[in-house]
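Protein chains in written order, with the working numbering: chain D, 1106 to 1446; chain E, 1106 to 1446.
All residues carry an ideal CB built from backbone N, CA and C; glycine is no exception.
Below is one structure; the comments refer to it alone.
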DNA sequence: GATTAGCACTCGACTTTAATGAGTGCTAAC
DNA sequence: GTTAGCACTCATTAAAGTCGAGTGCTAATC
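Spelled out as structure tokens, the structure:
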């Protein structure tokens, strides 16, 4: 579809624009070593590329900037994936060679590293619930009517929730229930916990204790997996350093979007495995129509565990970010693989 | 020190400036119903007030704006504290009459309400460690070498940490240790846990188990209270709506400051009880020299539990914010009082 | 003596105009 | 097919001019 020369020129324009954030003129392309043609020739090619929809002109006498289609072609065919420099690489390596105990810490820290290395905003979704299973369930009484329910997963993640003991149910009875749960439910994936509880434990419990209904109700609440605090953001203020967002109002709509858990969940829902690039208007959310979102899922044994995302302006260092995500998602999978044994 | 008329004029100027964010001229003050003097008279008084340091002039032919000293006088002597409207009040009341189980949820939600009602940024510090005590300590083994240590406090708060079992120590031994800890340490304030462990338990443990040194080391790590995730922010992007922060760079230094846990801790450390107002340069942090920080501690039985803060431009609605903080800090104390029984 | 009307003056904000120059498209020569 | 040359476009910047809100001071008034 495009000639070699057109590809070369398109590549040069996008590279330049990514660096400078300014419309690129024919002269500056000609002066680069790698394209040995005069400005006039390049102008002709640029006009063709614009006609084909790969470039745009902010106004008549300005240079060209890439269109969404241009970026798309660049990402699909042109970009060079070896743009991670040695320094960054060693930083990543040393991070993943460290031994860390807390999974949340790992994720939080990984988010920080990503936003630092890229100067964009990083968004991490932690390992999904359905891939972890119950390791231990316990109940710590606080007083006569309330207790803390604690759920430990096989990955060492801990969820806790305060519950009210139903009136008429004694603490001894509750402890009996907990013992039963621990013998019957250990190893069950978290996401199945609730259904399993109802399907298989109803009669079982009924035999041992009174007030079965109320107890089940409370346990339901306790086992409700809350997926609220599983989004880790880092480098949100990096958005403010991008020249395209020097306008406060624009940046506010973006930051407000990042504050909304459901919106982020929606952006990340149903992503295909591997690396995914959504450029500008390819995103559903209007607030990030000037942004690109690059996501990578990480998985162990073919099971997707979570997602890493980088949000930046459409004028993004695609090569660097994609390479980095590739590396980190794999390291992440490796590290978590050890966790899941 | 100031005449009645000067106070009245100062009050009028600050009120106007808080509403408009523009330097206030003599004419506009004169036109307000409450000050019955001609612009010329007001100009004379304004000149005096400037000489006294309560007002400033951005440039010769502009109106006056309040200085830090002016705001200080306003806050100390002039501001009207009944500026919370009915609607807001009912919102607060209905929030605190709700029954909620999770303390973290309460705090997070309170932060949201505050930032919504004020349009500034709210910062909440959760109940301090030293006021909570150990309720229960448990250890859930994950595999041969690692386990999750779980600390439940008397308030139902749960801390957890993954630890490595020292080589040579068996799980049975660890469980023995946990039993001992639960009989000896329950009721001890969290902040004293570590010192108590060393001072009183050393010999005790030595008698029962081998590898005492290593076990103590691990427990140390487990009991290390991490005070990281105890800061709750809400409405950070509200900063972006203030006209004084239309400059992206200024707002970035502020948002970056809010991202730094230690900096916030420092701002909130050693606050006297009750409401505290720090105006502009009265703050240590240079990044918020154009901001005012209003804080309120909330306490039960004279014991300070935590702090609520509102950060906004120096041109802040002091009356409203202070009244609101007064109400909310009291309601918060009440609610937590029930918690601590 | 306190208040106010009047007036000259200041100075930022905004508008207008002109100059600059980066970049283009087109044509004709190579 | 490539490129030099040239007229043209148009955002950006600077300079000059206008406007008006607001001041300080003086002298008249209450």
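- From the listed residues D:1232, D:1241, D:1243, D:1247, the smallest Cα separation to residue 1239 (chain E) is found for D:1247.
- Among the bridge pairs identified by DSSP, residue 1339 (chain D) is matched with D:1227.
- Within chain D, the residues placing a beta-carbon under 9 angstroms from that of residue 1255 (chain E) are 1243, 1245, 1255, 1257, 1263, 1265, ordered along the chain.
- Contact between residue 1186 (chain D) and residue 1428 (chain D) is confirmed by a C-beta separation of about 5 angstroms, below the 8 angstroms threshold.
- Rounded to whole angstroms, the separation of the alpha carbons of residue 1405 (chain D) and residue 1199 (chain D) is 21 angstroms.
- Following the DSSP letters along the chain, one finds residue 1179 (chain D) in no beta strand (DSSP E), marked with neither H nor E.
- For the C-beta of residue 1342 (chain E), the chain D residues within less than 8 angstroms are, from N- to C-terminus, 1357, 1360, 1361, 1364.
- An exposed status is given to residue 1407 (chain E), since fewer than 16 other beta-carbon atoms sit within 10 Å of its beta-carbon.
- Just measuring C-alpha positions, the residue of E:1337, E:1367, E:1163 sitting nearest residue 1215 (chain E) is E:1337.
- Between the segment 1365 to 1383 of chain E and the segment 1249 to 1264 of chain E there are fewer than three C-beta pairs closer than 8 angstroms, too few to call the two in contact.
- The alpha-carbon of residue 1351 (chain E) is positioned some 7 angstroms away from that of residue 1345 (chain E).
- With a threshold of 7 angstroms between beta carbons, residue 1345 (chain D) makes contact with chain E.
- Along the length of the segment 1324 to 1397 of chain D, whole beta strand (DSSP E) runs at least 3 residues long occupy 1336 to 1339, 1380 to 1384, reported in chain order.
- Listed along the chain, the chain E residues whose CB falls inside 8 angstroms of the CB of residue 1207 (chain D) are 1266, 1267.
- In this structure, E:1382 is the residue among E:1382, E:1433, E:1443 with its C-alpha nearest to the C-alpha of residue 1422 (chain E).
- In the assembly as shown, residue 1145 (chain E) is an exposed residue. Its beta-carbon has fewer than 16 other beta-carbons within 10 Å.
- The C-beta separation of residue 1398 (chain E) from residue 1416 (chain E) comes to about 5 angstroms, placing the pair in contact by the 8 angstroms criterion.
- Contact between the segment 1222 to 1234 of chain E and the segment 1209 to 1228 of chain D is absent: fewer than three C-beta pairs spanning the two stretches fall below 8 angstroms.
- Inclusion of residue 1154 (chain E) and residue 1115 (chain E) in the CB contact set at 7 angstroms is warranted, their separation being smaller than that value.
- For residue 1253 (chain D), the enclosing beta strand (DSSP E) covers residues 1251 to 1258.
- Annotated as distal: residue 1341 (chain E) and residue 1385 (chain E), with beta-carbon spacing of 7 angstroms or more.
- Between residue 1282 (chain D) and chain E, the shortest Cβ-Cβ separation is not below 7 angstroms.
- Under DSSP, the beta-bridge partners assigned to residue 1416 (chain D) are D:1226, D:1398.
- Remark: C-beta atoms of residue 1152 (chain D) and residue 1134 (chain D) do not approach each other more closely than 7 angstroms.
- For residue 1194 (chain E), the closest alpha carbon among the candidates E:1442, E:1439, E:1425, E:1285 is that of E:1425.
- If you check the CB distance, residue 1359 (chain D) and residue 1392 (chain D) come in under 7 angstroms.
- Ranked by how close their Cα comes to the Cα of residue 1378 (chain E), the residues E:1431, E:1390, E:1355, E:1108 have E:1431 in first place.
- Taking the CA atoms as reference points, residue 1270 (chain D) sits about 11 angstroms from residue 1277 (chain D).
- For residue 1163 (chain E), no beta strand (DSSP E) encloses it, and the DSSP letter there is neither H nor E.
- Considering only D:1138, D:1124, D:1120, D:1148, the residue with the shortest C-alpha distance to residue 1130 (chain D) is D:1148.
- Under the Cβ criterion of 7 angstroms, residue 1180 (chain E) is not counted among the residues facing chain D.
- The count of Cβ pairs closer than 8 angstroms, one atom from the segment 1293 to 1301 of chain E and one from the segment 1158 to 1177 of chain E, stays below three, leaving the stretches out of contact.
- The continuous beta strand (DSSP E) containing residue 1242 (chain D) extends over residues 1239 to 1246.
- If you look at residue 1268 (chain D), you'll find it in the beta strand (DSSP E) that goes 1263 to 1269.
- Its chain contains 1139, 1140 as the residues whose beta carbon lies nearer than 8 angstroms to that of residue 1113 (chain E), once the 5 sequence neighbours on both sides are disregarded; these appear in chain order.
- Exposed is the label assigned to residue 1166 (chain E), since fewer than 16 other Cβ atoms lie within 10 Å of its Cβ.
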